[in-house]
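A short write-up of the structure that comes next.
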Amino acid sequence: MRRGSSPLIVIIGLFAAATGCDKDGGNAASPQVGWGGTPAGEESAFMQAGPRIGYGQGSQPASAVLPAEQPSEPPPTSTERTDATLKLTDEQVLAVLDTSRLKQVEQAKIAIDRTKNKDIKAFAKAILDKNEDAKKKQRALELKLGILAQPSERSDIVILAAKQDVESLRALSLAEFDQKFLQVATEDLKQSTDFIENHAIPSVERSELKALLEEVRTGAAMQISDADAIADKLKEKVPESPAPKKRTAPIKPGASSKLLDPETTALR
19 MRRGSSPLIV IIGLFAAATG CDKDGGNAAS PQVGWGGTPA GEESAFMQAG PRIGYGQGSQ
79 PASAVLPAEQ PSEPPPTSTE RTDATLKLTD EQVLAVLDTS RLKQVEQAKI AIDRTKNKDI
139 KAFAKAILDK NEDAKKKQRA LELKLGILAQ PSERSDIVIL AAKQDVESLR ALSLAEFDQK
199 FLQVATEDLK QSTDFIENHA IPSVERSELK ALLEEVRTGA AMQISDADAI ADKLKEKVPE
259 SPAPKKRTAP IKPGASSKLL DPETTALR
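Be aware that the sequence shown starts at 19, since it is given in the working numbering, and climbs by one per residue.
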């Protein structure tokens, strides 16, 4: 990476490579200026690199951080890692916030384009607005503290998950989309609150960053409540299958008098 480039460019480049979109939801190859005023050409190397290997190594390439001899056993998967391995620096926590925010923004943009439900469209727009506000507050805090987001293995995991979610949402039919989007968005928000509560807040050293994390957690909890309310409304709108009507044989002319005759009915 060229001297003077922000580590955040690594995050944006990796996310664009994973999802196939730039920060505005367009094609990653479109010529434009990247976040932080960096020309898009400087991000292209990171877009093709993919998530790095190595934990907490910043923006160094995998070859620069791995030992000469590889261990015989494969590294643990994300589900096998203990809480101790998720101890992050303040800078790494900022990077996870960045990638989580980009993940939610891409999902919301797809929802706005595809859904016909006004409640879901409003919910998706609210996600964009709240994430934009959170981004501005985070950038102001980074400037105040003199720190920059630093990529880590955790932020790489979020990028890969973002790619999977975006691909699955784009592949859905219109009939499937609304419920699936709410499911994905809710699960993503729950994972964010879990990360903040159990890993980010216990890890950070700066009180101002901890306050920002608590604000983000509160906002995510409110969004989960909103998503649940919309999901309940969707369930109420699902029509119940009508009970099959009983078919009766047509009454022949002249048969009505026989039906009223007790002797006739008794013989039947």
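By construction, the Cβ of each residue, glycine as well, lies at the ideal position given by its N, Cα and C atoms.
Every value quoted in this text rests on a predicted model; they were computed, and no experiment measured them.
Terminal residues of the continuous alpha helix (DSSP H) containing residue i?
i, result
"S225", "225-255"
"E185", "171-188"
"K290", "Because residue 290 is not part of the residues shown, which for the chain are 19 to 286, the question remains open."
"S191", "Segment: none, S191 is in no alpha helix (DSSP H) and carries neither H nor E."
"N149", "136-163"
In whole angstroms, give me the CA-to-CA distance for residue i and residue j.
i, j, result
"P220", "K255", "43 Å"
"F199", "S243", "15 Å"
"E226", "L163", "9 Å"
"T204", "Q241", "8 Å"
"V222", "I177", "22 Å"
"A245", "F141", "8 Å"
"R70", "V114", "Since pLDDT at R70 reaches only 41, below the 50 mark, its modelled position is unreliable, and no value is offered."
"N135", "R224", "42 Å"
"K154", "S210", "18 Å"
"D206", "F213", "11 Å"
"D252", "K208", "Just to set this straight, residue 252 is Leu in the shown sequence, not Asp. One C-alpha to the other measures close to 20 Å."
Taking the beta carbon of residue i as the centre, do at least 16 other beta carbons fall within 10 Å, making it buried, or is it exposed?
i, result
"L161", "exposed"
"D116", "buried"
"Q201", "exposed"
"R119", "buried"
"A189", "exposed"
"E171", "buried"
"A102", "Low confidence applies here, because A102 scores a pLDDT of 47, under 50, leaving its location unreliable and the question unanswered by this model."
"L192", "exposed"
"D151", "exposed"
When the cut-off is 8 Å and only beta carbons count, does residue i lie next to chain B?
i, result
"A238", "The chain labelled as chain B is not found in the depicted structure, where only one protein chain is given."
Just to confirm, are residue i and residue j a CB contact at a threshold of 8 Å?
i, j, result
"I145", "I248", "no"
"I130", "K148", "no"
"A179", "K121", "yes"
"Q110", "Q168", "yes"
"I159", "L231", "Sequence check: residue 159 is Leu here, not Ile. No, these two residues do not count as a Cβ contact at 8 Å."
"H217", "L112", "no"
"T133", "D174", "no"
"D108", "I165", "yes"
| query | With a cut-off of 8 Å, do at least 3 Cβ pairs link the segment 178-197 to the segment 228-239? | reply | no
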